[in-house]
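For reference, the structure is listed below as structure tokens.
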Amino acid sequence: NTFVLSDWATVLCRLCAKNNSVCIRYMQAQAHKLQAPPRVPVSLSRGSMLAATGVCRSRAGRFVKSLRQSLAHSGCPGARVDVTMSTWAGTGMTQQDFMQRDECLVVDNNDNIVGTANKHDCHRFVPSQPHGALHRAFSVFLFSPDGKLLLQQRAASKVTFPSVWTNTCCSHPLAGQLPDEVDKPEQIADGSVPGVKAAAVRKLAHELGIPPEQVPASSFTFLTRLHYCAADTHTHGPNAEWGEHEIDYILFVRPSQPVTLAPNPDEVDAVKYVDQRELAAMMDPSSGLRWSPWFRILAERFLDGWWEDLDLTLGTTLHHDHATIHRIL
């Protein structure tokens, strides 16, 4: 049975048949008392697991503590309730679904997290926020064992910058994920960024079908960050209401063996491995190809130096610049 508690929560209760009313009345009272934020699904299923996606840990903890006490006196004394973060799954989801569901990390100009907002709201360039909401992103540059860069052409169904060529994978770390994708300041300072790397593994699987075991988080090298802003005027006209405004984490990875590729047609129209000479030819205006604004910035200002000696870039700290946010606005 499914029970709508309020505008923020739906509870799926299969603990028992006879005591549903007791549990649901209690949980409904708790829902209103705790004033949970919007768009938070809560499910109580067989096995006594409470999934509270996006709820802050302290609030979810209070809910679970009270729920345990209630269940102990409601005819379900053996029930055990725990909090879990959400595991992201893209199967069967459309681009519009992702725009509404994915919660990006909104940051200030210094990359301090100030809140969350869904992809739709982050990428809207409207009078109330003419440059969208600044949020965290990442760009993966995946190289073959012989040093060629894997490019992708974004799918035509993309809301922002459809059909453009870009680096291997570009997306966002999200709030409320398992593994956690929210990096702390000290993790950025030391270059470990486990959250961004977890997001990269997730999206390489989703967009390109690369199995996570072929690109473990430990294999990525975080180089630096780029702050850029670009309205998608090519797709949406001179007064475009869509664009990108991101602090972009640059990740390099070179697996020791060729990766398995199975591009998702809802995300990717084409893929291509290139060397530096081939990339230069593709980016020549005479090619007629369009490129993402973030990749063009990186290719024109940084990529050659990083790519020239991959062993040096991936095996030493020479190009690590974790403290700097390069602003190209």
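For any residue, its number in the working numbering is found by taking its place in the sequence shown, counting from 1, and adding 6.
Quick reminder that beta carbons are idealized off the backbone N, C-alpha and C, glycines included.
Along the chain, where does the beta strand (DSSP E) containing residue i start, and where does it finish?
i           : result
residue 282 : Where residue 282 is concerned, there is no enclosing beta strand (DSSP E), although the alpha helix (DSSP H) it sits in stretches over 282-289.
residue 333 : 331-334
residue 242 : Premise fails: residue 242 lies in the alpha helix (DSSP H), 239-242, not in any beta strand (DSSP E).
residue 317 : Residue 317 -> not in any beta strand (DSSP E); alpha helix (DSSP H) instead, spanning 316-321.
residue 114 : Neither: residue 114 is in no beta strand (DSSP E) and is coded neither H nor E.
residue 257 : 249-259
Using only the alpha-carbon positions, how far apart do residue i and residue j sit?
i           : j           : result
residue 323 : residue 305 : 20 Å
residue 129 : residue 303 : 19 Å
residue 87  : residue 104 : Per-residue confidence for residue 87 stands at a pLDDT of 42, beneath the threshold of 50, marking its modelled position as unreliable; the derived number appears in the next sentence. In a straight line, the C-alpha of residue 87 is about 29 Å away from that of residue 104.
residue 67  : residue 185 : Residue confidence for residue 67 is low, a pLDDT of 48 falling below 50, so the modelled location carries little weight and cannot support an answer.
residue 48  : residue 142 : Any reading at residue 48 must be qualified, since the residue scores a pLDDT of 39, below 50, and its modelled position is unreliable; no value is offered.
residue 214 : residue 278 : 12 Å
residue 119 : residue 113 : 4 Å
residue 297 : residue 171 : 5 Å
residue 263 : residue 231 : 27 Å
residue 106 : residue 235 : 21 Å
residue 312 : residue 206 : 19 Å
residue 238 : residue 159 : 16 Å
residue 209 : residue 121 : 22 Å
residue 167 : residue 202 : 22 Å
residue 110 : residue 233 : 16 Å
residue 91  : residue 204 : Annotation note: pLDDT 45 at residue 91 (below 50); position unreliable, no value reported.
Determine the extent of the alpha helix (DSSP H) in which residue i is found, giving its start and end residues.
i           : result
residue 304 : 299-304
residue 126 : 125-128
residue 272 : Run containing residue 272: none; DSSP gives neither H nor E here.
residue 311 : 310-313
Please name the residue in the options whose C-alpha comes closest to that of residue i.
i           : options               : result
residue 329 : 204, 227 and 117      : 117
residue 246 : 218, 107 and 136      : 136
residue 176 : 262, 250 and 309      : 250
residue 197 : 209, 255, 145 and 111 : 255
residue 241 : 165, 148 and 287      : 165
residue 285 : 121, 126, 154 and 122 : 154
residue 212 : 325, 316, 272 and 307 : 272
residue 301 : 239, 270 and 173      : 173
residue 226 : 333, 319 and 243      : 319
residue 228 : 276, 287 and 148      : 148
residue 333 : 216, 156, 125 and 140 : 140
residue 283 : 244, 124, 310 and 216 : 310
Run the CB neighbour count on residue i, radius 10 Å, all protein chains shown included, and call it buried at 16 or more, exposed below.
i           : result
residue 335 : exposed
residue 290 : exposed
residue 115 : exposed
residue 83  : Low local confidence applies: a pLDDT of 45 at residue 83 is under 50, so the model's placement there is unreliable, with the coordinate-based value given in what follows. With fewer than 16 Cβ atoms within 10 Å of its Cβ, residue 83 is classed as exposed.
residue 266 : exposed
residue 183 : buried
residue 317 : exposed
residue 134 : exposed
residue 179 : buried
residue 145 : buried
residue 108 : buried
Could you pull out every unbroken alpha helix (DSSP H) segment of at least 4 residues lying fully inside the stretch 187-216, listed in chain order?
Considered as a whole, the stretch 187-216 harbours 191-195 and 200-214 as its complete alpha helix (DSSP H) runs of no fewer than 4 residues, in chain order.
Threshold first: 3 residues or longer. Then list the beta strand (DSSP E) segments lying entirely within the stretch 149-180, N to C.
Here the runs fully enclosed are 155-160 and 175-177.
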